[in-house]
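Chemist: This structure is in structure tokens; I'll ask about it shortly.
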Amino acid sequence: MPTIELKNSIRDAIQFFEQTKQTCVVVLEDNLYRGLLLEEDLIALENDLLIKQIKDKLKIIYLNEDFTIFDWFKTVSLHDIQDVPLINLNNEYLGSLNINDVILKFSNTGLNVDRSSILILSKNSDDFKYSEVFQILEANAAKVYGSYINHSDESQTEIVVNIHHQGLNELLQSFRRYEYNITSYHEEDQHRETLKNNSEYLSKYLTV
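Count the sequence shown with the working numbering and you get residues 643 to 850, in order.
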């Protein structure tokens, strides 16, 4: 991931975004990681300002070098980014990680990372049971790398699960039979594809 210094100006950052077509850049101070600067956060700012004057806008997103596979998936899921900055215990920037880097890192551990997926499921809070989620996963031969509750209130509970699977379609249908909403998108989800095709057919029929 490209880098820029804390002492650089907003003008420098804008020029960088225009030239590279990137949407975020790593901000450093003498190779120490200070955060991510997003292009969208520069709107309406004075070009002569220095990045160090807007440090409150930097996103403190990173992984430590001893990260686990689920740390990476969780960070990507929470922040909707593809590359994650990597730092050491001294806060020194080591580079960034994308899915290919993660596959390479864990290729000798027995984890088939490219067959893993992040499921985002939600259900009525009164009916939500963590044990039920794992029973459904186990019944469909899915291996769980990790999970966490992303949001919970009186009405809905949303859970994020990182799994290894043999195929998603049957698993997703199983969750739907237990009245879980699937809020993550998956290409293998035939239910969504069927709904899409039916919608397109209905639209064509109504416009005839």
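In this text, a Cβ means the ideal position worked out from N, Cα and C, and glycines have one as well. Note that the coordinates shown come from a computational prediction; the quantities given were computed from them, not determined experimentally.
Can you tell which of Tyr827, Leu813, Leu674 and Gln657 has its C-alpha closest to the C-alpha of Pro727?
Modeler: The residue given as residue 727 occupies position 85 in the sequence shown. Looking at the Cα atoms, Leu674 is the closest of the given residues.
Chemist: With respect to the beta strand (DSSP E) encompassing Ser816, which residues constitute its N-terminal and C-terminal limits?
Modeler: Residue mapping note: residue 816 aligns to position 174 of the sequence shown, counting from 1. Premise fails: Ser816 lies in the alpha helix (DSSP H), Leu810 to Arg819, not in any beta strand (DSSP E).
Chemist: For Phe908 and Asp683, what's the separation of their Cα atoms in angstroms?
Modeler: With the chain covering only 643 through 850, there is no way to say anything about residue 908.
Chemist: From which residue to which residue does the alpha helix (DSSP H) around Thr717 run?
Modeler: Start at 1 with the first residue of the sequence shown, and residue 717 comes out as number 75. Element bounds for Thr717: Ile711 to His721.
Chemist: Just curious, the beta strand (DSSP E) that Leu629 is in, first and last residue?
Modeler: Outside the displayed span of the chain (643 to 850) sits residue 629, for which this structure offers no information.
Chemist: Asn742: which of Phe715, Asn733 and Leu761 sits nearest, CA to CA?
Modeler: In the sequence shown, residue 742 corresponds to position 100, counting from 1. Per the Cα distances, Phe715.
Chemist: Under 6 Å Cβ to Cβ from Thr645, same chain only, skipping five residues before and after it: list those, please.
Modeler: Residue 645 sits at position 3 when you count from the first residue of the sequence shown. If we look at Thr645 and ignore the five residues flanking it on each side, its Cβ neighbours are Val668 and Leu670.
Chemist: If you draw a straight line from the C-alpha of Leu648 to the C-alpha of Ile805, how long is it?
Modeler: Position 6 of the sequence shown, counted from the start, is the residue given in the question as residue 648. Position 163 of the sequence shown, counted from the start, is the residue given in the question as residue 805. If I take the Cα positions, the gap works out to 38 Å.
Chemist: Tyr843: buried (16+ other C-beta within 10 angstroms of its C-beta) or exposed?
Modeler: What you label residue 843 is simply residue 201 of the sequence shown in a count that begins at 1. Interpretation of Tyr843 is limited by its pLDDT of 35, a score under 50 that renders its predicted location unreliable; the figure taken from the coordinates is listed afterwards. The residue in question, Tyr843, is exposed, as its Cβ has fewer than 16 Cβ neighbours within 10 Å.
Chemist: Drop a sphere of 10 angstroms on the beta-carbon of Leu746, count the other beta-carbons inside from all chains shown, and report buried for 16 or more, exposed for fewer.
Modeler: In the sequence shown, residue 746 corresponds to position 104, counting from 1. By the neighbour-count criterion, in which a residue is buried when 16 or more other Cβ atoms sit within 10 angstroms of its Cβ, Leu746 is exposed.
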